[in-house]
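The structure under discussion appears below in the form of structure tokens.
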Amino acid sequence: MRTEPQSRWPAWLSWLIPLLLVALVIAGWEIAVRVRGTPRWFLPPPSAVASALVTSRGTLLHHTSVTLEEVALGFLLSFVLGVAFALAIASSNIVERAFYPFVIASQAIPIIALAPILLIWFGYGMTPKVIVVALICFFPIVVNTVDGLRSVDPELIDLLRSMGASNWTTYRVVRIPSSLPYLFSGTRIAAAVSVIGALIGEWVGSSAGLGYYMIRSAGQFATDKVFAAVLISALLGLLLFGMVSLLERLLLPWQRVEVSGG
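Below, the structure written as structure tokens:
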């Protein structure tokens, strides 16, 4: 019986090494800034960024909650529309020829150029930010889901149809389950970049959110606060990515078995 080779590294070491690298970068950054006497407004040391996180925690928490709400609504909207479009595109060549070019074109238009137009149409509220997030997240969800729906072996589809299965049955039994890993792959990408969409919308025009906080702090040369907001934005992206990955592990346990066991 063939056995798969076991990893030579313990699981805890796979977490320890990245943490040590991060700590090394932070320590090097702190030492370099202090030794060179770099002005804090130009490049603050990590200790100053940490201090800004503590002293401005109330304000940062408020702006983070606004950005997180925009991200959640835009991400949910893109997921629902993305899955619906993917099902329609995969099930009909006519729909594909009619709408797939628009899906691709949605990524050819610079979002930073589209955001001011949305601001004119919908004002300074949450709506334009939600739309920007949805536009950024929409493409990876649609493309990956379409690829997943089309990845099924055609002979398996022919077998089901020869047994009298309807089109819906083939989707329910074969196509949709087979496309779930692709769907989660696209959703992970969308989750990671969703925060960028919210920040772009807030940079163009807003009165709250991490993007607004960055612009306001930069105008005051409070670079430590800008870095603090950037750090929180990065952590939000990592958190959303991790949540989607955890959901995939819970809903698709066989994927974990295939990856680990071969």
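Numbering follows the numbering used here, in which position 60 of the sequence shown is assigned residue number 43; successive positions increment by one, without gaps. Positions of the beta carbon are idealized from the N, C-alpha and C atoms, including for glycine. Remember, it's a predicted structure, so these values are computed and weren't measured experimentally.
Output needed for N247: all residues of its chain with C-beta closer than 8 angstroms, excluding positions within five of it in sequence on either side, in chain order. The chain is shown from -16 up to 245; residue 247 falls before or after that span and cannot be answered.
Does the stretch 157 to 176 touch the stretch 111 to 131, meaning 3 or more C-beta pairs lie closer than 8 angstroms? yes
Helix, strand or coil: which one does DSSP assign to R199? helix
For P137, count neighbouring Cβ atoms within 10 angstroms of its own Cβ and tell me buried if that reaches 16, exposed if not. exposed
Hey, Y299 and S190: beta-carbon distance below 8 angstroms or not? Past the edges of the chain, shown from -16 to 245, lies residue 299, and the structure says nothing about it.
Assigned secondary structure, G245 (DSSP; H/G/I helix, E/B strand, else coil): Residue confidence is low: G245 scores 48 on pLDDT, short of 50, so the model does not pin down where it sits. Its coordinate-derived value is still stated next. Here G245 sits in coil by DSSP.
Does the stretch 26 to 41 come into contact with the stretch 202 to 217, if we say contact requires no fewer than three beta-carbon pairs (one atom in each stretch) closer than 8 angstroms? yes
Through-space distance from L101 to G20, alpha-carbon basis: 44 angstroms
N- and C-terminal bounds of the alpha helix (DSSP H) containing F122: 110 to 132
Per-residue DSSP class, three states only, for I94: helix
Taking the beta carbon of R158 as the centre, do at least 16 other beta carbons fall within 10 Å, making it buried, or is it exposed? buried
Three-way DSSP call (helix, strand, coil) for V37 in this model: Here DSSP, grouped into helix, strand and coil, assigns V37 to helix.
On a CA-only basis, which of S134, P236, L60, V135 is nearest V113? Give me that one, please. L60
Looking at the secondary structure, which residues open and close the alpha helix (DSSP H) in which S75 lies? S75 -> no alpha helix (DSSP H), and no H or E assigned at all.
What do you get for N150, buried or exposed, if any count of 16 or more other CB atoms within 10 angstroms of its CB means buried? exposed
To the nearest angstrom, how far is it from the Cα of E53 to the Cα of V115? 9 angstroms
Rank E231, L219, G192, A212 by C-alpha distance to the C-alpha of S299 and give the top, closest one. An answer regarding residue 299 cannot be provided, because it is not within the stretch -16 to 245 covered by the chain.
Among G180, Y165, L139, which has the Cα closest to the Cα of I94? G180
Secondary structure at G180, three-state DSSP: helix, strand or coil? helix
Can you say whether A98 is buried or exposed, counting buried as having 16 or more other CB atoms within 10 angstroms of its CB? buried
Just reading off the alpha helix (DSSP H) that R232 is part of, what are its end residues? 206 to 234
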